[in-house]
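Residue numbers (the working numbering): 5 to 391.
Written out as C-alpha cells, the structure reads:
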C-alpha cells in the first residue's frame, strides 16, 4: 500500500508469482510472507549445499502432472531447508504451478485433487476487533447486514489488557450479531504459551457461545494448546495459520488437540500440503478450515484443499481487505443469496490477475550482489514467456 499501518492486516502487501509455459498457459500464485524476504529466498546465491535459492529447485524443471509439483517440493525442502524461509516463497510458486496445471488440463484444482463434488461453504467475515466495544458492536451489525452467517473478531487489543476488558468486546460482538450468527474469536498468538491467561477468557467466551478461540498460543506450543483444550469445553480451540510446513499442523491435531485446524496455502508450502492436512483432519475427526486474509486469488487457493468436504463448512473470508487486495483480481468469490460461497469451477484457480489493477502498487525492486544484478522486477508489459 502507498501508506502502511501497524494493523495486523496482511492485505496491505502482496507478492505475486507468475509462471508461464511454452504452450501459452499462465499460472498465478500468492505468497503470504514478507515480499522482499521471499524474493531474496528465490534468487540468493547458494552459500552451501542446503542453502540454495528456491529457484535452483524450480527453474528448468518440467511440469507434466501432479507428481512434478511433488518432486519440486521435495527438492526445495532438501536444497533450501528452513534456512531461507523457503516454504513461504515456495508456497506462491506451488500455487502458481497448480493453477498452470489446471489451465493445461482444463480442470479446476479441486477436481485434480480427487474431489468429485464442490460443496458450498459458509464464509465468516474475518474482522479486526474494534478499538472500543462500541465499534466492535457496530462492526458486528454491519457484517450481519452484509449477509454473513458467521463472524470472527480478533487481534487489535484482544488479550493485551485485562480479561474483563476483553469480555466487554465479546459481549458487544454477541449483541451486535444477535443470537443466530456464529461468533469466532482470534487471539493472534497473544499469550505465547501462557495457559493461565487464556483460561481467564474462557468464561466470557462460553457465555457468548463462541464456536472457537483461535491461535491463543505460538503455533508450535503444542502442550499449551492441549492443556487449554482439556478445559475449554464448548469453546473449540483452533490453530494452524502459523504452520509453515504440514508437520506443524499435523502436530497441532495429534498433540495440540485442536478441534479446528486452519492452514494457509500461501504459507504452509502450497495446496498439496494443505490437502495433506485436510485428509489427516478428516481421519482424526477435526474440522478443517482455510486461512486467508488477503486477495481473492489467495482465497481461491486456500479453498481448494477442502472444496470436496461437505461437513467442513466454515470458510474464512476477507470481509474488509485493503483496496490493494481487491485490485489484484478481475473475478471475486461473491456470497450468494444463501449466504454461501463456492470454490471456483473454472480451470485452475478460476481467478484472473488484473495486470492493469496492480500497476498502481508495483514496487521497483533490484537486488545486487558484488555489483552484479541478480533480480529486477518487471512491469506487466515486460512479462515474457518462461519455462
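Cβ atoms here follow ideal geometry from the backbone N, Cα and C, with glycine treated the same way.
Provide the residue span of the alpha helix (DSSP H) that contains residue 164, from first to last.
Secondary structure note for residue 164: it is in no alpha helix (DSSP H), with a DSSP letter that is neither H nor E.
Could you name the residues of the same chain whose beta carbon sits closer than 6 Å to that of residue 1, not counting the 5 residues immediately before and after it, in chain order?
Because the chain in this structure spans residues 5 to 391, residue 1 falls outside the shown range and cannot be described.
Determine the direct distance from the alpha carbon of residue 142 to that of residue 12, and round the result to whole angstroms.
Distance between the alpha carbons of residue 12 and residue 142 is about 20 Å.
Reduced DSSP category for residue 57 - H, G, I as helix; E, B as strand; rest coil
Note: residue 57 maps to coil in three-state DSSP.
Please confirm whether residue 17 and residue 352 have their CB atoms less than 8 Å apart.
No, the Cβ-Cβ distance between residue 17 and residue 352 is not below 8 Å.
Taking the beta strand (DSSP E) that residue 22 falls in, what are its first and last residues?
Where residue 22 is concerned, the enclosing beta strand (DSSP E) stretches over 19-24.
Classification of residue 71 by the beta-carbon crowding that lies within 10 angstroms, buried from 16 upward:
Exposed.
Given a threshold of 16 other Cβ atoms within 10 Å of its Cβ, counted over all protein chains shown, does residue 290 qualify as buried or as exposed?
Residue 290 sits buried, since 16 or more C-beta atoms from the chains shown fall within 10 Å of its C-beta.
Contained alpha helix (DSSP H) runs [length at least 4] in the segment 198-231, N- to C-terminal order:
Within the segment 198-231, complete alpha helix (DSSP H) segments of at least 4 residues are found at 199-203 and 206-211, given in chain order.
Using the beta-carbon count (16 or more within 10 Å), is residue 268 buried or exposed?
Under a 10 Å Cβ-count criterion, residue 268 is classified as buried, with 16 or more other Cβ atoms of the shown protein chains found around its own Cβ.
Between the C-alpha atoms of residue 61 and residue 68, what's the straight-line distance to the nearest angstrom?
Taking the Cα positions, residue 61 is about 16 Å away from residue 68.
Between the CA atoms of residue 363 and residue 382 - distance to the nearest angstrom
Going from the Cα of residue 382 to the Cα of residue 363 covers about 11 Å.
In this structure, how does DSSP classify residue 249 when only helix, strand and coil are distinguished?
Correct three-state label for residue 249: coil.
Same chain, Cβ closer than 6 Å to residue 42, five either side skipped, listed in chain order
Excluding positions up to five away in sequence, the list reads 19, 35, 92 and 93.
For the alpha helix (DSSP H) containing residue 309, list its first residue and its last residue.
From DSSP, residue 309 is part of no alpha helix (DSSP H); its letter is neither H nor E.
Among 249, 220 and 14, whose alpha-carbon lies nearest the alpha-carbon of residue 200?
Taking only the C-alpha atoms, the option nearest residue 200 is 220.
Own chain, CB closer than 6 Å to residue 152, minus 5 neighbours either side, in chain order
Around residue 152, the same chain offers 129 as residues with beta carbons nearer than 6 Å, after the five sequence neighbours per side are excluded.
Measure the C-alpha to C-alpha separation of residue 175 and residue 185 and round it to an integer number of angstroms.
Cα to Cα, the separation comes out at about 14 Å.
Pull up the distance between the alpha-carbon of residue 25 and that of residue 84, whole angstroms please.
Cα-Cα distance, rounded: 25 Å.
In the structure shown, what three-state DSSP assignment does residue 189 receive?
If DSSP states are grouped into helix, strand and coil, residue 189 belongs with the strands.
Output yes if chain C places a C-beta closer than 8 Å to the C-beta of residue 176; else output no.
In summary, chain C is missing from the structure at hand, where a single protein chain is found.
Cα-Cα separation between residue 203 and residue 229, rounded to whole angstroms:
Their backbone Cα atoms lie some 11 Å apart in a straight line.
Near the ligand NAD: residue 325 beta-carbon under 7 Å from a heavy atom:
This structure does not include the ligand NAD; it has no bound ligands of any sort.
Check the C-beta distance from residue 286 over to residue 318 and give it rounded, since I have them as a contact under 8 Å.
With 8 Å as the limit, residue 286 and residue 318 do not qualify as a contact, their Cβ atoms being about 15 Å apart.
Quick check: residue 170 and residue 212, are their CB atoms within less than 8 Å of each other?
It is not a contact, given that the beta carbons lie outside the stated cut-off.
Please return the same chain residues whose Cβ sits closer than 8 Å to the Cβ of residue 390, not counting the five positions on each side in sequence.
Bear in mind that a pLDDT of 41 at residue 390, under 50, signals an unreliable position, so the number given afterwards is only what the model happens to contain. Excluding its 5 nearest sequence neighbours in each direction, residue 390 has C-beta neighbours in its own chain below 8 Å: 23 and 24, listed in chain order.
So the candidates are 328, 231, 307 and 357; which of them puts its Cα closest to the Cα of residue 266?
Nearest C-alpha to residue 266: 307.
Same chain only: Cβ atoms within 7 Å of residue 385, ignoring 5 sequence neighbours per side:
Hits under 7 Å: none found.
Does residue 391 come out as helix, strand or coil in the three-state DSSP assignment?
Note on residue 391: pLDDT 35, under 50, position unreliable in the model; the coordinate value appears next. Coil, per DSSP.
Going by DSSP, what residue range makes up the beta strand (DSSP E) through residue 291?
Segment 291-294, the beta strand (DSSP E) holding residue 291.
Under 8 Å between C-beta atoms of residue 99 and residue 274:
Yes, these two residues count as a Cβ contact at 8 Å.
Member of 140, 49, 328 and 222 whose CA lies at the smallest distance from the CA of residue 7:
Among 140, 49, 328 and 222, the Cα nearest to that of residue 7 is on 328.
Return the CA-CA distance between residue 82 and residue 365, expressed in angstroms with no decimal places.
Going by the C-alpha atoms only, they are around 34 Å apart.
Under 8 Å: do the segment 366-374 and the segment 329-347 share three or more Cβ pairs, one atom per stretch?
Contact check between the segment 366-374 and the segment 329-347: fewer than three CB pairs, one atom from each, fall below 8 Å, which does not count as touching.
Nearest neighbour of residue 44, chosen from 53, 349, 58 and 52 [CA to CA]:
With distances taken between CA atoms, residue 44 lies nearest to 58 out of 53, 349, 58 and 52.
Residue 108 (DSSP reduced to helix, strand or coil)
When DSSP states are grouped into helix, strand and coil, residue 108 belongs to the helix group.
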